[in-house]
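Asks: Numbering (our numbering), first residue to last: -15 to 238.
The beta carbon of each residue, even a glycine, is placed where N, CA and C say it ideally should be.
Starting off with a structure, shown below.
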Amino acid sequence: MVEAVQGAGVVVTGAGGGIGAALARRFAAEGARVVVNDLDADKAKAVAEEIGGIAVPGDASAIVPEARDALGGTVDVYCANAGVGSGGSEAAGESVWALAWDVNVMAHVRAAQALVPEWLERGSGRFVSTVSAAGLLTMIGAAPYSVTKHGAYAFAEWLSLTYRHRGIKVHAICPQGVRTDMLAGTGSAGDLVLKPTAIEPEDVAEALFQGIEDDRFLILPHPEVAGFYQARATEPDRWLSHMNHLQQKWEVAR
């Protein structure tokens, strides 16, 4: 059992399935009190009933007050997990870009606006951001997703460097392919880049809990992402050429 989460009040957004449901189940198994959030009320209720948690369905951007009340007045851990896997290029419509920005970035910002003041006052709190390896690297065929996941990572990084000396812990989870509905929706690009090394949602939850125990900011359920990230930083043109090769391979295949 991870002592840091035993008895804690935890909120997991986008927890009706996939990574979110796996996180909710793991927090509950570790002795936390869990609020399960999802836009799909039936899915949220099903997971909450399974784990003995509390369903608070609705838009992830606006649930902190209700979730706080459901947990007796205090949120100790907030998992900003809800996301949209918007594909497309620079030509994607304004509505596609706006939705990706709102869900993948601004929902995190709004949660922090609601939570950080009370966390600073008491000197503790934990913010878990489900980003993606796309937030460290990129993803072919998915400009809105890649760009906004970079934003989500940057925001988590900023929170950590700004408040870690004041008791706020931040974790950024950056997996590659995970066997969820979102992976299924990535189509041929996901089949080429993500599917061959895809892992289970439970593997992501395990990686997070290991990171909590180790007090690590960056959580890499696919350890090889560290090498890719290093190559991107130290040899950007070589890395871009490699990614362009994947782009060309995808264009031929589809």
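(1) Hey, could you find the ends of the alpha helix (DSSP H) Val209 is sitting in?
(2) What residue ranges within the stretch 149 to 231 form continuous alpha helix (DSSP H) runs of no fewer than 4 residues, ordered along the chain?
(3) Using only CA atoms, which one of Val(-4), Ala6, Ser108 and Val209 lies nearest to Asp187?
(4) Following the continuous alpha helix (DSSP H) through Thr146, name the residue where it begins and the one where it ends.
(5) If you pair each beta-carbon of the stretch -5 to 5 with each one of the stretch 32 to 49, do three or more pairs fall below 8 Å?
(6) What is the C-beta distance between Ala189 and Arg10, in whole angstroms, given that I count them as a contact (C-beta under 8 Å)?
(7) Per DSSP, which one or two residues make a beta bridge with Ser113?
(8) Going by C-alpha to C-alpha distance, which of Gly107, Trp81 and Gly135 sits closest to Ser113?
(9) Can you grab the Cα-Cα spacing for the pair Val20 / Asp221, in whole Å?
(10) Just confirm the distance between the C-beta atoms of Ala30 and Val40, as a whole number of angstroms; I'd bet it's less than 8 Å.
(11) Going by Cα to Cα distance, which pick from Glu105, Leu120 and Asn88 is closest to Arg216?
(12) Hey, out of Ala66, Ala82, Pro101 and Gly107, whose CA is closest to His92's CA?
(13) Using the Cβ count rule (16 or more neighbours within 10 Å means buried), how would you classify Glu33?
(14) Report, in whole angstroms, the separation of the C-beta atoms of Tyr147 and Val100, which I expect to be a contact under 8 Å.
(15) Residues in the same chain with beta-carbon distance under 7 Å from Gly195, minus the five sequence neighbours each way, listed in chain order, please.
(16) Please return the same chain residues whose Cβ sits closer than 8 Å to the Cβ of Asp86, not counting the five positions on each side in sequence.
(17) Could you spell out the range, first to last residue, of the alpha helix (DSSP H) harbouring Gly(-7)?
(18) Whole angstroms is fine: what's the gap from Ala28's alpha carbon to Ala12's?
(19) Rounded C-beta distance between Leu192 and Ile152? I'm assuming under 8 Å.
Replies: Concretely, from the data shown:
(1) Its alpha helix (DSSP H) spans residues Val209 to Thr218.
(2) Taking 4 residues as the minimum length, the alpha helix (DSSP H) runs contained wholly in the stretch 149 to 231 are 165 to 168, 171 to 177, 185 to 198 and 209 to 218, in order along the chain.
(3) Considering only alpha carbons, the answer is Ala6.
(4) Segment Ala127 to Tyr147, the alpha helix (DSSP H) holding Thr146.
(5) Cβ pair count under 8 Å is three or more, so yes.
(6) That pair is a contact at about 4 Å.
(7) Beta-bridge partners assigned by DSSP to Ser113: Ala64 and Ala156.
(8) Taking the Cα of Ser113 as reference, the smallest distance to any Cα among Gly107, Trp81 and Gly135 is reached at Gly135.
(9) Whole-angstrom Cα-Cα distance: 43 Å.
(10) The distance from the Cβ of Ala30 to that of Val40 is about 14 Å, inconsistent with a contact at the 8 Å cut-off.
(11) Considering only Glu105, Leu120 and Asn88, the residue with the shortest C-alpha distance to Arg216 is Leu120.
(12) Nearest C-alpha to His92: Ala66.
(13) It is exposed - the Cβ of Glu33 has fewer than 16 other Cβ atoms within 10 Å.
(14) The pair is a contact, with the Cβ atoms about 7 Å apart (cut-off 8 Å).
(15) Answer for Gly195: His155 and Ile203, listed in chain order.
(16) So the qualifying residues of the chain are Ser45.
(17) It is not in any alpha helix (DSSP H) - Gly(-7) instead sits in the beta strand (DSSP E) that spans Gly(-7) to Val(-4).
(18) For Ala28 and Ala12, the distance between alpha carbons rounds to 14 Å.
(19) Leu192 to Ile152, Cβ: 17 Å. No contact.
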